[in-house]
Amino acid sequence: MNEASEARPLLEVRGLAKSFAALRALDRVDFTLRPGEIHALLGENGAGKSTLIKVITGVLARDAGVIRLEGREVAPRTTKEALAAGIATVYQEVNLLPNLSVAQNLYLGRQPTWCGIVREGEMKRRAAALLEGYGLHIDVSAPLGSYSVAIQHVCAIARAVDLSARVLILDEPTASLDRHEVEMLFKTMRALAARGIGIIFVTHFLDQVYQISDRITVLRNGKLIGERATASLPRIDLIHMMLGRELSETTSERAAHDRAAGKPCATFKDYGKAGYLAPFDLELRHGEVVGLAGLLGSGRTETARLVFGAERADSGTASVEDEAIRLHSPRDAVRLGFGYCPEERKSDGIIADLTVRENIVLALQAKLGIARPLSRREQDAIAERFIKLLDIRPPDPERPIGLLSGGNQQKVLLARWLAIEPRLLVLDEPTRGIDVGAHAEIIRLVRELCDRGLALLVISSELDEIVAYSDRVVVLRDRAHVGTLQDAAISVLSIVSAIAADHVAAEEGA
Amino acid sequence: MPFRLPRRGLAQIAALIVILLIDRMVSPQFFDLRLQDGRLFGSLVDVFNRGAPVALLSLGMVLVIATGGIDLSVGAVMAISGAIAASLADSHAWPVAVGAALGAGVICGAWNGFLVAVLRMQPIVATLILMVAGRGVAQLITEGRIVTFSSPDLAWFGTGSVLGIPTPIVLVALMLLVTGLVVRGSALGLLIEAAGGNARASELSGVGIRPLIVAVYMWCGLCAALAGIVAASDIMGADANNAGLWLELDAILAVVIGGTSLFGGRFSLILAVCGALIIQAMNTGILLSGYPPEFNLVVKAAVVMVVLLLQSPKLSELAAGLGRRRA
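Chains as they are written, first to last, in our numbering: chain A, 1 to 510; chain B, 1001 to 1327.
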């Protein structure tokens, strides 16, 4: 694409900011979409992609910044207003009605009528003609749900574009499509771009980004990292933009830890589950932090869930302190002294209605069993100890945990596991969605725990973090463990190279 | 820690008192008590006595609802247990009849628990099965007739008294005490509230949810069976068609009035019983007032509406907002 002859931008976002309580979800983000451009919006979970899209489409109100559509300032307050302005979104889960016919879906709320009666025949004719334009020759009177997800996507796109959309946002449209269906969707996208429609493409499949996009914008931690033309951005640099800081900043990040490698705590051999995660070998030692690094969907969380028994392995063996163990459920894991702070704090971690005290003692109580209840006095003592130790605020054990900030909720979850005096703790994105102050504290805690002989397995999208506290880093790609980096070999650059390895090889081979 | 007024429960207790006072206005002798043949009589005693079956049901139902479930079969279980108890009452000693009836209730509960926890059916559908089938089972037991009995031992459960207090009231108090001790004396209460509040998170914290849910449905079956025995003893017979009919809805209502959310989570045993008493106090009041009983349902709905409005978080938000604006 020729930069100089660029047309007037279709969509301009300038200085957009959005905070949730203390958390900055978007920090003065700029974004530019030109007509006829397919623009990939990339970033890990929590980078701010969905917040940006929600603000542009009027789902969320912004705190500051302007949005201009063809030079005119717009301020949509609802998706309906955004749609009227010409901004349409198609989500991964198609928001149409599978029980209605294709034609009804395309013309829902704007059916051609005669004296108030829907003209079915006319509607079907128009629907068929509309879909022909997308190369789809299907029976439009059949229920939408009877077609494949790809066709449903095209229908959703057709409806959106027909509603005079000039900006089309596709949020993870390819996540549930097979290769052939992706091709079909891409053909549709190219045809629309040729008509001058600007397309924002959100995905975590880098191959597809290189296959179809003209430009790439990367967000990280709510900040704009950069906008590049796809053709001039090597894959390794892209991964670096997504996961690490600029190269120059990372050299001295790694703290010196000279811990003597402890005894093995938990060992997994050939451990895996078909269709979930390829079998892996993993040894976790006392007093050692093992970091799991990889892109979104590479198998990091899958590893954590297998190690914790939340997912049942169908191959391999596990042992603790050299004794074979049964690991069929989280209950088994808790009895063995494993703890797991999941990535999705709200849905998998906290019990919002219960108090901080009850949330803290839950795992310990589950481990002790129903017949050995902790007395109220013991519960109060445990809660008080950890509120003080982890500096949980406000320091009120009787406050429902749902009312605490994200960082404090995370500390309560840590307290829940520390209370069982675990031998192994798995932390999945422990600093996700947490403000800067609490962020540093949690990293400090991870180090302290490790010094006390705990074995730690930590997942993070922040490579700097991984580099800062890991003694060993396991690199994952495409749902398999593909490499291990030890002590001095650990750096942001070495991790990025390991993640990008096969892609680089593929590019060289091509 | 500073003393804080318990916000939870004030609305329910206030509602019960208001309704009892209205009953007093309708019928001036409402609070009169008299002792006759060593047993207390009076309208107030009636409220407690008549409310006993629903109160017993609500003690099981509140636990089921706290786990995020629901049990529609309790009315049918009442019919089954009543039928068993009545059929065995004259041919066997009373402990056999009562034991068999209670055992049947526990088995019914285990079946519900199995469907919900192991087969992962939606509770409303899973318990609907027994709600429909249970009444059929009860009819098979009674062979389609109304089975009457004359055993004074079994009749004692409905019409007897302990130290002047009618047996059903004593049973409710006893079951409230036992349930409270079991649930709050062990870790069961916390684990039920955790499982109902967020099942995924509880499971990932090592809580064994399946046995918990089965246990809770079994307890609910036991409570329903006891309610069935009380109901059968009261009329000295078992009517498979009508025993406990629609009482599952009253029990659910009692639990909801008692402040337990149908989504699960926090629960209160005492307030659930309080909810059952509110329902009965209304029923009795309308009967005493001389209005046709048809009014009963409409008034009941209106009162439920008021209690739920008092609990509505949205409404208290609005009220707080109004108060702030005025200040």
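Quick reminder that beta carbons are idealized off the backbone N, C-alpha and C, glycines included.
Exercise. Under 7 Å between C-beta atoms, does R1039(B) make it to chain A?
Worked result: no
Exercise. For W1111(B), does the count of other Cβ atoms within 10 angstroms reach 16, so buried, or fall short, so exposed?
Worked result: buried
Exercise. If you run the structure through DSSP and keep just helix, strand and coil, what is V1207(B)?
Worked result: coil
Exercise. What are the start and end residues of the beta strand (DSSP E) that includes L170(A)?
Worked result: V167 to D171
Exercise. Can you list, in chain order, the residues of its chain whose CB lies under 8 Å from that of A142(A), leaving out five sequence neighbours each side?
Worked result: S101 and V102
For this session: Note down the Cα distance separating F1114(B) from G1189(B), rounded to an integer number of angstroms.
Result: 21 Å
Exercise. Where do the N-terminal and C-terminal ends of the alpha helix (DSSP H) with T301(A) fall, by residue?
Worked result: R300 to V307
For this session: Just the C-alpha distance for E343(A) and V74(A), rounded to the nearest angstrom, thanks.
Result: 35 Å
Exercise. Distance, Cα to Cα, T250(A) vs V492(A)?
Worked result: Unreliable positioning characterises T250(A) in this predicted model, as indicated by a pLDDT of 38, which lies under 50. A coordinate reading is not provided.
Exercise. At a CB-CB cut-off below 8 Å, which residues of chain B make contact with Q365(A)?
Worked result: A1187, L1190 and L1191
For this session: State the Cα-Cα distance for the pair G527(A) and V202(A), rounded to the nearest angstrom.
Result: Look at the range of chain A in this structure, 1 to 510, and you will see that residue 527(A) is not part of it.
Exercise. Which runs of the alpha helix (DSSP H) fall wholly inside the stretch 1224-1272 of chain B and span at least 4 residues, in chain order?
Worked result: 1247-1257
For this session: May I ask which residues mark the beginning and end of the beta strand (DSSP E) holding P264(A)?
Result: P264 to K273
Exercise. Is A1083(B) closer than 7 Å to I1141(B) when the C-beta atoms are compared?
Worked result: yes
Exercise. Are any of the Cβ atoms in chain A nearer than 7 Å to that of V1207(B)?
Worked result: yes
For this session: Compare the beta carbon distance of G402(A) and A371(A) with 7 Å and say whether it is the shorter of the two.
Result: no
Exercise. Residues bridged to V29(A) by DSSP?
Worked result: L16(A)
Exercise. Mind pulling the chain B residues with CB within less than 9 Å of V496(A)?
Worked result: What V496(A) touches in chain B: nothing, since even the nearest Cβ is about 31 Å away.
For this session: Have a look at W114(A), I117(A), L97(A) and C115(A) and flag the residue whose alpha-carbon is nearest the alpha-carbon of L108(A).
Result: L97(A)
Exercise. At a Cβ threshold of 7 Å, is L320(A) touching chain B?
Worked result: Per the sequence shown, the amino acid found at residue 320(A) is Val instead of Leu. No, because no Cβ of chain B sits closer than 7 Å to the Cβ of V320(A).
Exercise. Can you tell which of A1138(B), W1246(B), L1308(B) and S1233(B) has its C-alpha closest to the C-alpha of V1054(B)?
Worked result: W1246(B)
Problem set entry | Residue-chain proximity (L23(A), chain B), Cβ-Cβ < 7 Å | no
For this session: Can you tell me the Cβ-Cβ gap for G1009(B) and L1271(B), rounded? I've got them flagged as a contact below 8 Å.
Result: 5 Å
Problem set entry | Cutoff 7 Å: G1060(B) Cβ touching any chain A Cβ | no
Problem set entry | Cβ neighbour criterion (16 or more within 10 Å) applied to Y469(A) | buried
Exercise. Can a CB atom of chain B be found closer than 7 Å to the CB of I382(A)?
Worked result: no
Problem set entry | Element boundaries [alpha helix (DSSP H), containing E358(A)] | V356 to L368
For this session: Would you mind reading off the limits of the beta strand (DSSP E) that contains V475(A)?
Result: R472 to R477
For this session: Pull up the DSSP beta-bridge partners for A69(A), would you.
Result: It is worth fixing the name first, because residue 69(A) is Leu in this sequence and not Ala. According to DSSP, L69(A) bridges with L11(A) and R72(A).
For this session: Return the Cβ separation of C1220(B) and M1078(B) in integer angstroms, given the expectation that the two are a contact with Cβ distance under 8 Å.
Result: About 12 Å separates the two Cβ atoms, so there is no contact after all.
Exercise. How about D353(A): is its C-beta nearer than 7 Å to some C-beta of chain B?
Worked result: yes
Exercise. Can you give the Cα-Cα distance for L571(A) and I239(A), rounded to whole angstroms?
Worked result: This structure leaves residue 571(A) out entirely; chain A is present only between 1 and 510.
Exercise. Counting along the chain, where does the alpha helix (DSSP H) carrying G339(A) start and finish?
Worked result: G339(A) -> not in any alpha helix (DSSP H); beta strand (DSSP E) instead, spanning F338 to C341.
Exercise. What is the DSSP secondary structure of V202(A), counted as helix, strand or coil?
Worked result: strand
Exercise. Is it right to say Y1291(B) is buried, meaning 16 or more other beta carbons lie within 10 angstroms of its own, or is it exposed?
Worked result: exposed
Exercise. CB G1105(B) to CB Y1217(B), shorter than 7 Å?
Worked result: no
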